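A.B. asks:
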Amino acid sequence: MAKPGRREHTPSDEIARFTDRDDQRNVFHRYLNFATEPPVLMFYGIGGAGKTWLLKKLRLEMPGDVPAAYLDFDAQAGGRRFALDPAAGLCEIRQQIDRDAPRFDLAFAMLRHKQGAAEEPGLRGHGALGLAMEIAAECVQAAAIVPGVNVALNRLRPQVLKRIKGSSFERFLARDEAGQFVLELRARTSQEIGDNLADYLAADLRESLTPNLGRAVRAVLFFDTFEAAGAGMQNTENRRSLEKWIRDVAANFDFALTVVAGQNRLDWEEAEPDWAENLEQHLVGGLSETDARQFLRNCEIDGADLAAGADATLRRAGRAGGILRGAQRGAGCRMGRTRRLQLRRSAARDARLVYDSGADAMGVGEPAGGSGARRERSRVVAGALESAVRLRRGRRGVARVVSPV
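Residue numbers (this note's numbering): -8 to 396.
1. So, under 8 Å CB-CB, K42 and V275 are touching, yes? Tell me the CB distance rounded to an integer number of Å.
2. Going by beta carbon distance, what residues of the same chain come within less than 7 Å of A189, once the five residues before and after it are set aside?
3. Have a look at the DSSP bridge pairing and note the partners of G397.
4. Please go through the stretch 181 to 218 and give each complete beta strand (DSSP E) segment of 3 or more residues, from N-terminal end onward.
5. CA-CA distance, Q150 and L192?
6. Roughly how many whole angstroms lie between the Cα atoms of R12 and E228?
7. Tell me where the alpha helix (DSSP H) around Q174 begins and ends.
8. Once the 5 residues before and after G185 are set aside, which same chain residues still bring their CB inside 8 Å of it?
9. Which residues in the same chain as G323 place their Cβ atom closer than 6 Å to its Cβ, once the five residues preceding and following it in sequence are excluded?
10. Roughly how many angstroms lie between the CA atoms of L49 and V211, to the nearest whole one?
11. Exposed or buried, what is S232 when buried is set at 16 or more other beta-carbons lying within 10 Å of its beta-carbon?
12. With DSSP run on the structure shown, which of helix, strand or coil describes D265?
13. Flag this pair as yes or no: are the beta carbons of G223 and E234 separated by less than 7 Å?
14. Taking DSSP as the reference, what is the three-state secondary structure of L248?
15. What is the rounded straight-line gap between the Cα of P202 and the Cα of D56?
16. With a cut-off of 8 Å on the beta carbons, I'd call N269 and P30 a contact; round off their distance for me.
17. Can you give the Cα-Cα distance for L152 and I84, rounded to whole angstroms?
18. Find the nearest neighbour of A100 within the set L122, R21, L200 and D91, judged by alpha-carbon distance.
19. Between G70 and L62, how many whole angstroms is the CB-CB distance? I'm expecting something under 8 Å.
20. Measure the alpha-carbon distance for W266 versus L32 and round it to whole angstroms.
21. What is the residue span of the alpha helix (DSSP H) that D63 lies within?
22. Is the beta carbon of S159 sitting closer than 7 Å to the one on R90?
23. I'd like to check one pair, F73 with A252: are the Cβ atoms closer than 7 Å?
24. Please name the residue, chosen from H20, N17 and L45, that lies closest to T216 on a Cα-to-Cα basis.
25. Pull up the distance between the alpha-carbon of L174 and that of L120, whole angstroms please.
26. Could you check if G157 is buried or exposed, using at least 16 other CB atoms within 10 Å of its CB as the buried criterion?
27. May I ask you to report which of helix, strand or coil DSSP gives Q67?
28. Leaving aside the five residues before and after E125 along the sequence, list all residues of the same chain whose C-beta is less than 6 Å from its C-beta, in chain order.
29. Let me check understanding here. Comparing Cα to Cα, which of Q225, G205 and W259 lies closest to F246?
30. Check the DSSP bridge columns for L270 and list the partner residues they point to.
31. Measure the beta-carbon distance from E129 to R146 and round it to whole angstroms, keeping in mind my assumption that it falls under 8 Å.
32. Among residues of its own chain, excluding the 5 on either side of Q87, which ones have a beta-carbon nearer than 8 Å to its beta-carbon?
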């Protein structure tokens, strides 16, 4: 049950301005309707290219009978916990897909019990995880459990039995395999349970997701800002260790289409060559001139507003471009490394001003969501401003200023 007062998120007017990306959307829908297991779909490109908007659009275009889960690893969005605590990421996927998952729920509850985190919010109350925590606590306290029919059910107190009556827990615990499963959870360490959580969730969802005739995909997993999952790691191996649980999900959720967005191409095949045949990666670049015009029309930006935005962008771009060219020239001479870094950082600051000045001059206004949403809109508007700049001054001497973030 949602917390009281939670706002329902509905598509904003901004998504209605979504322009182009037909190639990427067509690829997504083709794999969504594949008759066999699809590859992992990766959309990569510089920050501000529109990858997050693309994922939003894809989620809106999904059929209603296909559940989806969306995880954003951006630290500002709270996504860092998913990289540092894979169990939290898997639990988020389980909750968003919202299908019966008794193995996962029991294993997750046992994991948190062994970690001493039984009071974690979400493990209390009458939801599936709250019930799983009660069952886990009962199983831990039981004197002995041996494999057999209904042995796990027979160890539960009447009050707990009453609460799980008719639920997926009752049906699962009545199986022959349940006693052995609970026995293994009791014997395993928290590390061992955590290493198998993805397998438990995959087994549950294979049973609970509705099969589709002629379509292998029964769910979609979206992972956004993927570069942040391994951010801060000193070397490639440490980064890959943080990303491992995501690779495991992509490999073992054979019923799901996994869609990843980030600044860099996935390099999974470098560690495991077999991934080369199971990755399809697409660059998300800037808008074409035609689509930039369409975006501006969708935003109702024309005439004087467009001219003002183009002029403001040109003024800023002249300074930023000069610093960028200076930094590039410095790379080929004896300029010190520290000085080159200073020039590049200065250019990055000016590049940001290019985006902001263009958006301000066009009177786009302050979008809901604060400065982060404003930067997102400014970046997209900047792609359209590139077209405006070319139209007003011609292509000669006007260079694209690339967003550094």
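Glycine included, each C-beta is placed from N, C-alpha and C at the ideal position. Bear in mind that the values here come from a model prediction, so they are computed numbers and not experimental data.
C.D. replies: So, to answer that:
1. Along the sequence shown, read from residue 1 onward, the residue named residue 42 stands at position 51. Along the sequence shown, read from residue 1 onward, the residue named residue 275 stands at position 284. Rounded, the Cβ-Cβ distance is 5 Å, consistent with contact.
2. Reading the sequence shown from its first residue, position 198 is the one you call residue 189. Only L81, W236, D239, V240 and N243 meet the Cβ criterion.
3. Only positions -8 to 396 of the chain appear in this structure, which leaves residue 397 out of reach.
4. 210 to 215
5. Residue 150 sits at position 159 when you count from the first residue of the sequence shown. Residue 192 sits at position 201 when you count from the first residue of the sequence shown. Taking the straight line joining both Cα atoms gives about 27 Å.
6. In the sequence shown, counting from the first residue as 1, residue 12 sits at position 21. In the sequence shown, counting from the first residue as 1, residue 228 sits at position 237. Between R12 and E228, the C-alpha separation is close to 34 Å.
7. Against the sequence shown, residue 174 aligns to sequence position 183. In the sequence on display, residue 174 carries Leu and not Gln. From DSSP, the alpha helix (DSSP H) with L174 extends over D167 to A178.
8. Translated into positions along the sequence shown, residue 185 becomes position 194. Taken in chain order, the residues that qualify are P77, A78 and L102.
9. Along the sequence shown, one-based indexing puts residue 323 at 332. In this prediction, G323 scores a pLDDT of 48, lower than 50, which makes its location untrustworthy; the coordinate-derived value is nonetheless stated afterwards. Answer for G323: no residue qualifies.
10. Counting from one through the sequence shown, the residue named residue 49 turns up at place 58. Counting from one through the sequence shown, the residue named residue 211 turns up at place 220. If I take the Cα positions, the gap works out to 10 Å.
11. Indexing the sequence shown from 1 puts residue 232 at position 241. With fewer than 16 Cβ atoms within 10 Å of its Cβ, S232 is classed as exposed.
12. Walking along the sequence shown from the start, residue 265 turns up at place 274. Correct three-state label for D265: helix.
13. Translated into the one-based positions of the sequence shown, residue 223 becomes position 232. Translated into the one-based positions of the sequence shown, residue 234 becomes position 243. No, the pair does not count as a contact, with Cβ atoms beyond the cut-off.
14. Position 257 of the sequence shown, counting from 1, holds the residue named residue 248. Strand at L248.
15. Locating residue 202 in the sequence shown gives position 211, counting from the first residue. Locating residue 56 in the sequence shown gives position 65, counting from the first residue. Distance between the alpha carbons of P202 and D56: 10 Å.
16. Numbered from 1 along the sequence shown, position 278 holds the residue referred to as residue 269. Numbered from 1 along the sequence shown, position 39 holds the residue referred to as residue 30. Correct: roughly 5 Å between the Cβ atoms.
17. Within the sequence shown, residue 152 is the residue found at index 161, counting from 1. Within the sequence shown, residue 84 is the residue found at index 93, counting from 1. Their backbone Cα atoms lie some 27 Å apart in a straight line.
18. As a working note, residue 100 is residue 109 in the sequence shown. The shortest Cα separation from A100 among L122, R21, L200 and D91 belongs to L122.
19. The residue labelled residue 70 in the question sits at position 79 within the sequence shown. The residue labelled residue 62 in the question sits at position 71 within the sequence shown. Indeed they touch by this definition, with Cβ atoms about 7 Å apart.
20. Taking the first residue of the sequence shown as 1, we reach residue 266 at position 275. Taking the first residue of the sequence shown as 1, we reach residue 32 at position 41. Each residue's alpha carbon lies about 12 Å from the other.
21. Reading the sequence shown from its first residue, position 72 is the one you call residue 63. It is not in any alpha helix (DSSP H) - D63 instead sits in the beta strand (DSSP E) that spans A59 to D63.
22. As a position in the sequence shown, residue 159 is number 168, starting the count at 1. As a position in the sequence shown, residue 90 is number 99, starting the count at 1. It is not a contact, given that the beta carbons lie outside the stated cut-off.
23. Here residue 252 is taken as the residue at index 261 of the sequence shown, counted from 1. Here residue 73 is taken as the residue at index 82 of the sequence shown, counted from 1. Against a cut-off of 7 Å, the Cβ pair of F73 and A252 comes out as no contact.
24. Here residue 216 is taken as the residue at index 225 of the sequence shown, counted from 1. T216 has its Cα closest to that of L45, out of H20, N17 and L45.
25. Walking along the sequence shown from the start, residue 174 turns up at place 183. Walking along the sequence shown from the start, residue 120 turns up at place 129. Spanning the two alpha carbons is a distance of roughly 19 Å.
26. Translated into positions along the sequence shown, residue 157 becomes position 166. That one is exposed.
27. The sequence position of residue 67 within the sequence shown is 76, counting from 1. Three-state result, Q67: helix.
28. Along the sequence shown, read from residue 1 onward, the residue named residue 125 stands at position 134. V151, listed in sequence order.
29. The residue you call residue 246 lines up with position 255 of the sequence shown. Checking every option, the nearest Cα to that of F246 belongs to G205.
30. On the sequence shown, position 279 is the one that residue 270 refers to. Per DSSP, V31.
31. For the purposes of this step, residue 129 is taken as residue 138 along the sequence shown, with counting starting at 1. For the purposes of this step, residue 146 is taken as residue 155 along the sequence shown, with counting starting at 1. Right, their Cβ atoms sit about 6 Å apart.
32. Residue 87 sits at position 96 when you count from the first residue of the sequence shown. The answer, listed in chain order, is P58, A59, A60 and Y61.
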